[in-house]
Each structure stands twice: as structure tokens, then as C-alpha cells.
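Beneath this line is the structure, given in C-alpha cells, with notes to follow.
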Amino acid sequence: MNEIRRRRRSEFPFRELFDIDAVRGELTTLVRALRSDPTAGGEAAIRTALAKRLKQAHAEGHATAQRWLMEDGSGRRCAERLSRLQDEIISVIHELVVTLLYPTDNPSTAEHMAIVAVGGYGRGLMAPGSDTDILFLLPYKQTAWGESVAEAILYVLWDMGLKVGHATRSVDECIRQARGDMTIRTALLEARLIVGERALFDEMTVRFERDVVEGTAAEFVAAKLAEREERLKRAGQSRYLVEPNVKDGKGGLRDLHTLFWIAKYVYRVHDTRQLIAAGVFTAEEAVVFQRCEDFLWSVRCHLHFLAGKAEERLSFDLQREMAERLGYTEHPGLKDVERFMKHYFLVAKDVGDLTAIVSAALEERNEKPVPRLNRMMARLRRSPRRTLKESPDFVVDHDRLNVADSSAFGRDPVNLIRLFHLADRHDLALHPDAVRLARRSLKLIDQRVREDAEANRLFLEMLCSKRTPDIVLRHMNEAGVLGRFVPEFGHVVAMMQFNMYHSYTVDEHLIRSIGALSEIERGQRADLGLANELIGQIKNRQVLYVAVFLHDIAKGRPEDHSIAGARVARKLCPRFGLSAADTDTVAWLIEQHLTMSSVAQSRDLSDRKTIENFAAVVQNLERMKLLLILTTADIRAVGPGVWNNWKSQLLRTLYHETEPVITGGFSESNRAQRVARAQAEFRAALPEWSGEAIERYMARHYPAYWLRVDLAHKLEHARFIAEAEAQGRALATASRTDVTRGATELTVLAPDHPKLLAVIAGSCAAAGANIVDAQISTTTDGWALDTIALTRAFEQDSDELRRADRISGAIEKSLSGEIKLPEVVARKVPKRPRAFSVESEVTLNNAWSNRHTVIEVSGLDRPGLLYGLTQTLSRLNLNIASAHVATFGERAVDVFYVTDLMGAKIVGAARHSAIRRALLHVLDADDEADAARAG
Numbered sequence: 003m004n005e006i007r008r009r010r011r012s013e014f015p016f017r018e019l020f021d022i023d024a025v026r027g028e029l030t031t032l033v034r035a036l037r038s039d040p041t042a043g044g045e046a047a048i049r050t051a052l053a054k055r056l057k058q059a060h061a062e063g064h065a066t067a068q069r070w071l072m073e074d075g076s077g078r079r080c081a082e083r084l085s086r087l088q089d090e091i092i093s094v095i096h097e098l099v100v101t102l103l104y105p106t107d108n109p110s111t112a113e114h115m116a117i118v119a120v121g122g123y124g125r126g127l128m129a130p131g132s133d134t135d136i137l138f139l140l141p142y143k144q145t146a147w148g149e150s151v152a153e154a155i156l157y158v159l160w161d162m163g164l165k166v167g168h169a170t171r172s173v174d175e176c177i178r179q180a181r182g183d184m185t186i187r188t189a190l191l192e193a194r195l196i197v198g199e200r201a202l203f204d205e206m207t208v209r210f211e212r213d214v215v216e217g218t219a220a221e222f223v224a225a226k227l228a229e230r231e232e233r234l235k236r237a238g239q240s241r242y243l244v245e246p247n248v249k250d251g252k253g254g255l256r257d258l259h260t261l262f263w264i265a266k267y268v269y270r271v272h273d274t275r276q277l278i279a280a281g282v283f284t285a286e287e288a289v290v291f292q293r294c295e296d297f298l299w300s301v302r303c304h305l306h307f308l309a310g311k312a313e314e315r316l317s318f319d320l321q322r323e324m325a326e327r328l329g330y331t332e333h334p335g336l337k338d339v340e341r342f343m344k345h346y347f348l349v350a351k352d353v354g355d356l357t358a359i360v361s362a363a364l365e366e367r368n369e370k371p372v373p374r375l376n377r378m379m380a381r382l383r384r385s386p387r388r389t390l391k392e393s394p395d396f397v398v399d400h401d402r403l404n405v406a407d408s409s410a411f412g413r414d415p416v417n418l419i420r421l422f423h424l425a426d427r428h429d430l431a432l433h434p435d436a437v438r439l440a441r442r443s444l445k446l447i448d449q450r451v452r453e454d455a456e457a458n459r460l461f462l463e464m465l466c467s468k469r470t471p472d473i474v475l476r477h478m479n480e481a482g483v484l485g486r487f488v489p490e491f492g493h494v495v496a497m498m499q500f501n502m503y504h505s506y507t508v509d510e511h512l513i514r515s516i517g518a519l520s521e522i523e524r525g526q527r528a529d530l531g532l533a534n535e536l537i538g539q540i541k542n543r544q545v546l547y548v549a550v551f552l553h554d555i556a557k558g559r560p561e562d563h564s565i566a567g568a569r570v571a572r573k574l575c576p577r578f579g580l581s582a583a584d585t586d587t588v589a590w591l592i593e594q595h596l597t598m599s600s601v602a603q604s605r606d607l608s609d610r611k612t613i614e615n616f617a618a619v620v621q622n623l624e625r626m627k628l629l630l631i632l633t634t635a636d637i638r639a640v641g642p643g644v645w646n647n648w649k650s651q652l653l654r655t656l657y658h659e660t661e662p663v664i665t666g667g668f669s670e671s672n673r674a675q676r677v678a679r680a681q682a683e684f685r686a687a688l689p690e691w692s693g694e695a696i697e698r699y700m701a702r703h704y705p706a707y708w709l710r711v712d713l714a715h716k717l718e719h720a721r722f723i724a725e726a727e728a729q730g731r732a733l734a735t736a737s738r739t740d741v742t743r744g745a746t747e748l749t750v751l752a753p754d755h756p757k758l759l760a761v762i763a764g765s766c767a768a769a770g771a772n773i774v775d776a777q778i779s780t781t782t783d784g785w786a787l788d789t790i791a792l793t794r795a796f797e798q799d800s801d802e803l804r805r806a807d808r809i810s811g812a813i814e815k816s817l818s819g820e821i822k823l824p825e826v827v828a829r830k831v832p833k834r835p836r837a838f839s840v841e842s843e844v845t846l847n848n849a850w851s852n853r854h855t856v857i858e859v860s861g862l863d864r865p866g867l868l869y870g871l872t873q874t875l876s877r878l879n880l881n882i883a884s885a886h887v888a889t890f891g892e893r894a895v896d897v898f899y900v901t902d903l904m905g906a907k908i909v910g911a912a913r914h915s916a917i918r919r920a921l922l923h924v925l926d927a928d929d930e931a932d933a934a935r936a937g
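Letter by letter, the sequence shown follows residues 3 to 937 in the working numbering.
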């Protein structure tokens, strides 16, 4: 035991987290005193005393480890310290148990035990919240002595509050179970002796190598890669998710662990540096592995310390403090947290590169199946090595595109672009050797290559490919070639946007936008609405693809990214080979790429002035078609559930309302015809209704309703209203879940009155529900039909629908006067999360509508915000004619079309200032409350 302790200390040349020898002596004295006192309580009291003192030592050790982590910044060293701390604690418990509680003066062959760390703990690395996975290894079947010792040790560890994974097995049992269970096999792969019988441990490791590992490398590799795929499905397939899982996400620690498990199993190595001798890594790549591992361990250890638990998701509310802990500072255009997360995603990309390198080495050993560029489209084909006709510098090597020799890029640096162009053209996977050589040759892409006409022709063809351009662009990006060839794109590689709206980094969003545009062009997604119909009508598809590729290229700059992006486009488009006219169109599309979405979601599309103002921006039909398609692709690529039928219908309505204005009165489908067509579609979808009933129902809705609402909601509304009327209800609610949006919709039917929206919003706020979208409609006979989208709270539909029923009940009680809403809201509305800060803005404009004053309110979203705004407008004696509610992540943008009580616009600078001050007070209410408490 002393030999193991000495060896452990020589292997970990770090300062002690606490004086373990002093604690050992203190506990030895304590146990002896308790054993000699017949009134002390026996073994249970001894275990309790041990746990209490060791829990204190464990907490002191963790506090010291955190302090040293803040000082030296080494995550791996922190993980090693915490693992060693755990070793020492287990060793102390074992020593006291076997010498004082269950001593054996002359132990039999069965009374021996080795305590073995397995899994991540066996690797000698632990995060603050990691589980302690241990194996009690026995010579053969379990004995009473072994059972008692293991039980006593476990009870102390459990009483300390530690999460312990454990097993008690003989060597034979370990080998038998490892053969049949890949999880146990992986755990034993990293087995490490903590304390106890070394001969027993050595017997197990020898037999494990001989009886389990030998000859089973292909089986192990296949199992680990399948396990990785399943894990990534749960954690998110992209390594560029803006709230990544540090442990299980793509490019996280588990990917590095999987690489090392595979390397250890296949190459029989015990250290990443040994992979250099095995020919898997170069010396530089081994350094990259160590650098990635240390960074990810730093993030994970800080994350656990900061959260006070085993938190693995780097959520928004932790990212800012993490950035401060790790020493990141703000730069022009980039917050400190955005710089930290950019570094994180670059590391995740490096982990992906290392994965590809190991995969290539395994394929060379025939331990892993060969992949394909596009798994959805490629055919399984195996062909011998052959040279491509287009270029002698490239060969097809077993159905993968490779370089003919290592000088291919040096002879002609344009080949760095041609590699990806040919892969797309022939639908070939890229050979890992070619990608690896490309990464090493990035310096060859200089200004001469960037300005080369052939290189730009190849790039433009690839960008506008009718196959799957997003796939080849992603490979090009991950190889580093895309950011080198287009430096402006290189600036946004791995750049996160610190908001809840975008789910991906900027570069990943741009590539996904190209993928969405390609889907539109191939007609693969019926839910992409009018874009599917317009894509075949545009005159120049290259303009559209370039604009989509560049629309967020200027993110991270101090100035407005739309304006700066237009300037970047004017520089890049001529280089790509676009004409001056096409360059102007691309620049305009980028400068206006947010306009159509903003107008569609936050303006009254039945207001003539809205349409005239939008028409003045787009100017001609071709530009509007291009802008609608770009807008659709952009929203579709933001993240899961962001694109939905509501937005699709709003864009369609805006397009068709604007079309006759910019064509001088001519429209491919005038308003009356479109209303008639929508009503005919509605009539055909309700064959069970009589003609008279349908005509009577259709007359209840204004023309704008038929153009703004999609068919599915029209049918739901009709059946809902008919049911309410059949039951004689003057007030009715209905709810449904929308899985694709991650939202729940509540529909309310009630007599229309000025405070209706405020009452609905307040009822939702009192129930803790956050409104993310709303469609407000009134009927010709004085009813309001409002559909409210709420953030989903429960995973299961049954739970979510019960919650929706409770909210609906609260709305009905509020509208019937059973609930005093202001008091309930004041008492129950929770505070907003403090992860984000959004500048509050209130704009009043009389030029956006001919009949109304338009008030646009923008600020940090929170439960109860809409209620506060509508209540304030009511107190200011303003009549809300229509409201347009939208959220973009953490930012709420609510627009109200209002008049005074006489139906006139709001005029006068003093009146405007009073309204602005009152609404800003609502937006900043939480900040003022925080300041008051701090004061």
C-alpha cells in the first residue's frame, strides 16, 4: 500500500490539495477511540465519523483545486488533482477498514482485494462533479470478508455524498462480462489500481489483453463509432450549437475519449504521444490533441465549479461568467463571451479534424468502413484507383477523391479549390489523406490564388451547385480552405452570436442557409411555401446563391452587419466573376435581408401604407422574389422550429399584397381573386358543412383573415367557433401543441373589447407562460379570435396540454372577472433570466400607417412583458387597433397600431415623449427593481 502511495505521488508531481497524512493519523486515532468505547455506537458510528471528516477534507480539497485552477488555468492538471484526491480518500478508507474494522492477521487466498478505478476515473482524470467508478476485484467468488470491506467503503463514500458507480467481481467474471458487454469492456480498458493486491490487478490486465482485446479491434471500433452516432443524435449532430454539451456534444471531451479508447484498443498505446510512433499523428497533431484536451477540461472543471454540480451544457446563463473566469476580454464588435465561444468552437473543429485523422488510419488497417460524401445520395460503389480525366493531379482511390501525390497542391495551389469542386461534381467522398494534406497546405492560398479567375470560377460553380452545395462547403470549411480562400468568411468561422435566436455559429448558419436554398430549388420541402413557387421564376440563380452565402458575412463588426455586408459583397462579387449589375443586386439583397421578415412579422399587412412603404424598398418584382427566397432560407437555417406556417403565410401575404403596387396595378393574382381562391380551398376542406353554413361563416371574417391565416388554422378556427356556438358559450378557449416549433398554441374566442389582449397576456403571465407569437383577429360581428403561441414547458404532450388547460381556465376566469389580474400578476410573474442584456427601444411613427400611430417596442423578453405593455397603453387612453407580437430569441419586438379614444393618430412631441417614457419604464422594470434592491 505504501509502495502504491509513493508511486502515485511520483506520477503526480503537484502540490497536495490537503495534508492526507495528517487526516489519516487523525482518523486512525478517532476509529481506535470509537472501537474501544462500547457506548459509541459500533461500526455505524465509525462509518459516520469517517464520512463526516472525509467529507470536510473532500470539500477543502475541491476548494483548493478550484483556487489553483483559477491561478494556473490548467484544466487537465485540475482533473488530475481531483482524481488523485479521490485516490487518497479511498486509500485512507480502505486502510482503516482493513486494519481496524476487518483485520486479517493471516489472510487466506480468498481474503485479498484490489480496488480499481475504471472508466473516466481510471484514466486519472475527474471533473468536480464526476462519478467515482470503482471495481472491487476479488480472486474468485465473493467472500464474507470481501463483501464486508466493500460494503464499509461504499457506505462511507455514500455518506460523504459522492456519486459512486461500483461493481464487485472476480477476475473470471470481469473477463466473461467484458466479452459480452461493450460498456464493461470500455471501462476495463482504462482500469487503474488505486490500492490493494497488485498481483490480482496484473492478472486481470494480462487476461483482458489476451482473452478480450486480442483479435477484436474491428468489433470494438464499430461499436464505439455506433455509440458515438447515437450519443450525437441525443446531444445534437452539429458541433456548432451555441449551447454545446462540453462532455457529450460533437467536438467535446467524449469525442476525444472515444478517439483514445479506439487508439488504445487498436494500437495498444497508453499515451497520445505514442500515436506518433504508431504513425497515426504527427508531432504537431499530438500537440493539438493535448491542447484540445486541456482546454475542454478547463471548461468542464470551471463549469462544474460554477454550477455547483455536474452540469455539462454550456448554457447562455453560464457562458458570460465562464468567459470572465477564463480571462477573455471584449474586442470591437465582439463581446468577451463571443470570443470565448469562438475559441470553444475552434477547439471543437480541431477535435473533428483529429477524429478524421484517426478514422483514416483505422481505414488503412481495415478496422473501419469507408464513408461517402453524401450518405443520402451516393451509391455504394467500389472501384480501383484511377486518374480523373479533368486533372492528372487527382485520382479516385476506392471511390474517394485523393491527390495523385503529395506535390499536387504545391504544383498548382488552385488544386486546393479544385479538390472540392471535383468532389461535388462527381459525388465523391474526400480521402482523409487529401484533406490532411490540404490542411497542411493552407498557406499556399495567398492573394494570387484568391484573385485567380479559374479558382473563382470553380468556387462559384461549387457554391451554386445543383447537387448538395452545403455538404461540400462544410467539408471545405472544416478543412480550413473556405476561410482561407474567402478571408471575410474566415472572420466568422466559429463565431457565435450571444443570443437565443440563432442555434448555430455564423459560419454554420451561412452553410445551412445554402442548404435550405438548395432544398427550395430541388423542391424537397413543401413547407417552405411561396419560395418553392418563385425559385423557378428568377432570372439569375447565381445572384441568389452568392447573396445567401454572404448575407451574414459581416457579423462581429462594430457597425450594422447588413450595411457592412453589402460593402463586402461589392468587393467579393467582381472577384467571383459577377457583373456590375449582379453585384449591385447582391449588395442590395444583403443590405435588405432582414427587411421582409421584419415587415411581415411586425406590421399590419392590411394597412395600405405598410405595403406602399415596402414596395418603395423593393422597387421591382425580381428583387422581391429574390428577397423572399433569401428570407425563407435565412429563417429556415436559424434553428429547429424557427420556420413555421405562420411565417410562411405572412411572407406570402406580404408578397401578394405588394405585387400589384410595384407592377403598376397588374398582379398575377389580385387580392379579390386570392381571397376567393382561399375561400374555395377552405370550402373544399369542409365537405361536412352545408353550403349555407360555410357562406355564413366566411362572411364573419374580413378579407385580410383569409390571406393571413394558413388553411390548417382556418379549419381549426371554424370547428372551434362552431362548437362554441353549439354549446352557447360567449367565451371559449382551445389548445394544441406544435412539436415543430416547440410551442403550445392557445386560441381564445371572446367579445372584442380594448383590454382583451391585456387580459389574455396577463393570464398567461400569471401562469408563468411566455408569449412568443400572436395572431390577433376580429370578426365582422364584433368577436375577437386570438391565437397565442407560448413557450413549451413540458416534453410530454399530455403534461403540456394539462398546463395549457390551466392557462385557458385562468384566461376565462380573468375575462369573467373572477380573478383580480393585476394582483395575481404582481405576485406570480417570475423574474427574467439575467444571461442577456438587450437595449430597450420605443419608436412612435405616424408615417407607417395612414390611419394609425405605429408604436414599435423592443427589449428583453420576459413573462408578463406583453401584459405590462398593453396595460400601459390602456392607461394612456390609447385604443389598440391591431397588435403584432414576435420574439427573436431573448428579444421581444411588439408592434401596436393605436389611435386615441376619438380614433385619431397621436400627435404632439410631448404626448409622444410621455408614451415613450411609460413604455420604457415597463421594459426596464426589472432593472429598476434590481437597482433599488442593490441600493
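Cβ coordinates follow ideal geometry from the N, Cα and C atoms, glycine included.
Let me know the secondary structure DSSP gives PHE461 once reduced to three states. Helix, per DSSP.
PRO130 (DSSP reduced to helix, strand or coil): Of the three classes helix, strand and coil, the one that applies to PRO130 here is coil, per DSSP.
With 16 as the cutoff for other CB atoms within 10 Å, does ARG486 come out buried or exposed? Counting every other CB atom within 10 Å of its CB across the protein chains shown gives ARG486 a total of 16 or more, marking it as buried.
Whole angstroms is fine: what's the gap from ASP135's alpha carbon to ASP896's? Straight-line spacing of the CA atoms in ASP135 and ASP896 works out to 52 Å.
Helix or strand or just coil, what does DSSP make of GLN798? Coil at GLN798, not helix or strand.
How close, in whole Å, do the beta carbons of GLY744 and GLY891 come, if the pair is a contact with beta carbons under 8 Å? No, GLY744 and GLY891 are not in contact; Cβ-Cβ is about 13 Å, not under 8 Å.
In this structure, how does DSSP classify SER599 when only helix, strand and coil are distinguished? Three-state DSSP puts SER599 in a helix.
Which residue's Cα is closest to the Cα of GLU62: ASP319, HIS914, PRO130, THR106? If we check each option's Cα against that of GLU62, PRO130 comes out closest.
Flag this pair as yes or no: are the beta carbons of LEU862 and LEU792 separated by less than 8 Å? When the beta-carbon positions are compared, LEU862 and LEU792 stay at least 8 Å from each other.
How long is the line joining the alpha carbons of ALA734 and GLY525, rounded to whole angstroms? Near 40 Å, if we compare the C-alpha coordinates of GLY525 and ALA734.
Could you have a look at VAL895 and say whether DSSP puts it in helix, strand or coil? Taken through DSSP and simplified to helix, strand or coil, VAL895 comes out as strand.
Restricting to runs no shorter than 4 residues, where is the alpha helix (DSSP H) found entirely within the segment 168 to 214? The segment 168 to 214 contains, as complete alpha helix (DSSP H) runs of 4+ residues, the segments 173 to 182, 184 to 191, 200 to 209 (chain order).
When we look at the beta-carbon of THR389 and count the other beta-carbons within 10 Å, is it buried (16 or more) or exposed? Here THR389 is exposed, its C-beta having fewer than 16 other C-beta atoms within 10 Å.
Please confirm whether GLU62 has its beta-carbon closer than 8 Å to some beta-carbon of chain D. Given the protein chain composition of this structure (a single chain), no chain D is represented.
What residues match up with ASN847 in a beta bridge as DSSP calls it? According to DSSP, ASN847 bridges with VAL856.
Take the Cβ of GLU232 as the centre, count every other Cβ of all protein chains shown within 10 Å, and call the residue buried at 16 or more, exposed below. Flag for GLU232 reads exposed.
For the beta strand (DSSP E) containing PRO576, name the first residue and the last one. Where PRO576 is concerned, there is no enclosing beta strand (DSSP E), although the alpha helix (DSSP H) around it starts and stops at 563 to 578.
Could you please give the first and the last residue of the uninterrupted beta strand (DSSP E) stretch that includes TRP785? Counting along the chain, the beta strand (DSSP E) containing TRP785 begins and ends at 785 to 793.
Suppose the cutoff is 7 Å on Cβ atoms and the five residues either side in sequence are ignored; what does the same chain contact list for ARG296 look like? The sequence given here has Asp at residue 296, not Arg. Apart from sequence neighbours up to five positions away, the residues of its chain that approach ASP296 with a beta-carbon distance below 7 Å are SER76, GLY77, ARG78, ordered along the chain.
Within 8 Å, strictly: CB atoms of ILE696 and THR660: Going by C-beta atoms, ILE696 is not nearer than 8 Å to THR660.
Among VAL494, VAL550, ALA589, LEU532, the one whose alpha carbon lies nearest that of ALA556: Out of VAL494, VAL550, ALA589, LEU532, VAL494 has the C-alpha closest to the C-alpha of ALA556.
Backbone secondary structure at ALA920 - three-state DSSP: In the structure shown, ALA920 falls within a helical segment according to DSSP collapsed to helix, strand and coil.
For ASP414 and MET378, the rounded distance between their alpha carbons: Note that MET378 scores 34 on pLDDT, short of 50, meaning its location in the model is unreliable and no value can be drawn from it.
Report yes if the CB atom of ARG209 is closer than 8 Å to the CB atom of VAL268, and no otherwise. With contacts defined by Cβ atoms closer than 8 Å, ARG209 and VAL268 do not form a contacting pair.
Suppose you measure from the CA of LEU277 to the CA of VAL290; what does that come to, to the nearest Å? Rounded to whole angstroms, LEU277 to VAL290 spans 13 Å at the Cα level.
Own chain residues within Cβ distance below 6 Å of ASP133, not counting five before or after: The answer, listed in chain order, is LYS165, GLY167.
Just how far apart, CA to CA, sit HIS553 and GLU624? Approximately 18 Å, taken between the alpha carbons.
N-terminal and C-terminal residue of the alpha helix (DSSP H) that ARG710 is part of: Going by DSSP, ARG710 is part of the alpha helix (DSSP H) stretching over 705 to 710.
Sort out for me which residues DSSP pairs ILE359 with in a bridge. None; ILE359 has no bridge partner.
Who are PRO753's beta bridge partners in DSSP? Partner(s): TRP785.
Are the Cβ atoms of ALA496 and LYS344 separated by less than 8 Å? Closer than 8 Å, so yes.
What are the start and end residues of each continuous alpha helix (DSSP H) run of 4 or more residues lying completely inside the segment 272 to 316, in chain order? Listed in chain order, the complete alpha helix (DSSP H) runs (minimum 4 residues) inside the segment 272 to 316 are 276 to 279, 285 to 309.
So what does DSSP say about PHE342, is it helix, strand or coil? Three-state result, PHE342: helix.
Among CYS575, ASN848, GLU841, which residue has its Cα nearest to the Cα of ASP926? That would be GLU841, whose Cα lies nearest to the Cα of ASP926.
Length of the line joining the Cα atoms of LEU316 and GLY538: Distance from the CA atom of LEU316 to the CA atom of GLY538, rounded to whole angstroms, is 42 Å.
What is the C-beta distance between LEU191 and PHE203, in whole angstroms, given that I count them as a contact (C-beta under 8 Å)? That pair is no contact at about 14 Å.
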